[in-house]
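Last residue of the sequence shown: 261 (numbering that gives the first Met the number 0), numbering continuous.
Think of the CB as a built atom: it goes at the ideal place given N, C-alpha and C, for glycine as much as any other residue.
Predicted model only: the values in this text are computed from it and were never measured.
Written out below as structure tokens is the structure these notes cover.
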Amino acid sequence: MQEQLARANKAAWETKAYQAWVQHHGTPEALAGELKKDPRHPLRYWLKYTGDPSGKKVLNLLGSHGRKAIPLALLGAEVTVVDISAENRRYAIEVAAAAGVQLNYICSDVLHIPDEETLGQFDYVLMEFGVLHYFTDLKPLFTLVNRRLGVDGRLLLTDFHPFARAWKTTETLRQPTGNYFDDTVREGEVAFARLLPESERSGLSSVLTRAWTVGDILTAVAASGLYIRTFEEIRNAADPSFPEFYTLIADKKDVQLSPLKP
Numbered sequence: 000m001q002e003q004l005a006r007a008n009k010a011a012w013e014t015k016a017y018q019a020w021v022q023h024h025g026t027p028e029a030l031a032g033e034l035k036k037d038p039r040h041p042l043r044y045w046l047k048y049t050g051d052p053s054g055k056k057v058l059n060l061l062g063s064h065g066r067k068a069i070p071l072a073l074l075g076a077e078v079t080v081v082d083i084s085a086e087n088r089r090y091a092i093e094v095a096a097a098a099g100v101q102l103n104y105i106c107s108d109v110l111h112i113p114d115e116e117t118l119g120q121f122d123y124v125l126m127e128f129g130v131l132h133y134f135t136d137l138k139p140l141f142t143l144v145n146r147r148l149g150v151d152g153r154l155l156l157t158d159f160h161p162f163a164r165a166w167k168t169t170e171t172l173r174q175p176t177g178n179y180f181d182d183t184v185r186e187g188e189v190a191f192a193r194l195l196p197e198s199e200r201s202g203l204s205s206v207l208t209r210a211w212t213v214g215d216i217l218t219a220v221a222a223s224g225l226y227i228r229t230f231e232e233i234r235n236a237a238d239p240s241f242p243e244f245y246t247l248i249a250d251k252k253d254v255q256l257s258p259l260k261p
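Structure below.
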């Protein structure tokens, strides 16, 4: 099933994604100028957990248009991005070039990275905003994270809160399911579609996604051998009684745990 999702989602993310980013963020040169003015702002959820990223190795999985990877590079980090979309890669590489930074961008399914071992190990693995729903099983993803982190390395994960996905209509989550435990694979609109004019949305492919509960996410991270340090819930700006995002921080430690169920 995961292979079916990957094929469908690659097709969706390689149809007009570049056009959508230019429409929303501006030309690569324009976005590069914006990021150079204040590279810390796009990283505001994570810098308190990383400190100065200069000299650190960062792996940005499903890094999309590079709007988080490039500020990290501007602050001196050595950044590798893995993403399935060639159009995302094109935009990110052009922005990085305009910003004057180096970005190692691999266009690949993150579960099938060519010659993965040659990447070495990283100080940080970053995943952010709309990533986990592209997987039918979280175990292979977080096992990959564990493999690529060095000892004392840290996972930085920020995504849409499962409660909001189930019950709250927001600018980015327009169709709440009403069922927190819904685990079906659903067909939906690709995320960048709303950034395009209505007249440009014809021909866009649908994405296939699967929702996860908070328990699913925490369990998958812990089961991969990472130590969960915090699960920070971020309020919805329009309705502070609801969470909109979360940030999960987990560390890799060189210890062995006994089985959960002997």
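Taken in chain order, the whole beta strand (DSSP E) runs of length 3 or more contained in the region 100-165 are 103-106, 121-127, 148-159. In the DSSP assignment, PRO242 falls within the unbroken beta strand (DSSP E) covering 242-251.
Bounds of the alpha helix (DSSP H) holding GLY32 are 27-36. In the structure shown, GLU231 adopts extended strand secondary structure according to DSSP, grouped into three states. Contact between THR157 and PHE230 is ruled out by a C-beta separation of about 11 Å, above the 8 Å threshold. Within the same chain, TYR17 come within 6 Å of ARG89 by CB-CB distance, once the 5 residues on both sides are set aside. The three-state reading of DSSP puts TYR179 in coil, since its state is none of H, G, I, E or B.
Within the DSSP bridge table, the entry for ASN59 names VAL80, LEU125 as partners. With the rule of 3 Cβ pairs closer than 8 Å, the region 8-25 does not count as touching the region 36-44.
Cα atoms of ALA72 and PHE191: separation of roughly 24 Å, rounded to the nearest angstrom.
For LEU4, the enclosing alpha helix (DSSP H) has its first and last residue at 1-12.
For the options ILE216, VAL144, ALA163, the alpha carbon positioned closest to that of LEU58 is the one of VAL144. Taking a cut-off of 8 Å for Cβ pairs, the region 209-224 and the region 26-37 do not touch, as fewer than three such pairs fall below it.
Taking 7 Å as the cut-off, the Cβ atoms of HIS132 and PRO242 do not count as close. Look at ARG200 here: in three-state DSSP terms it is coil, with no helix or strand label.
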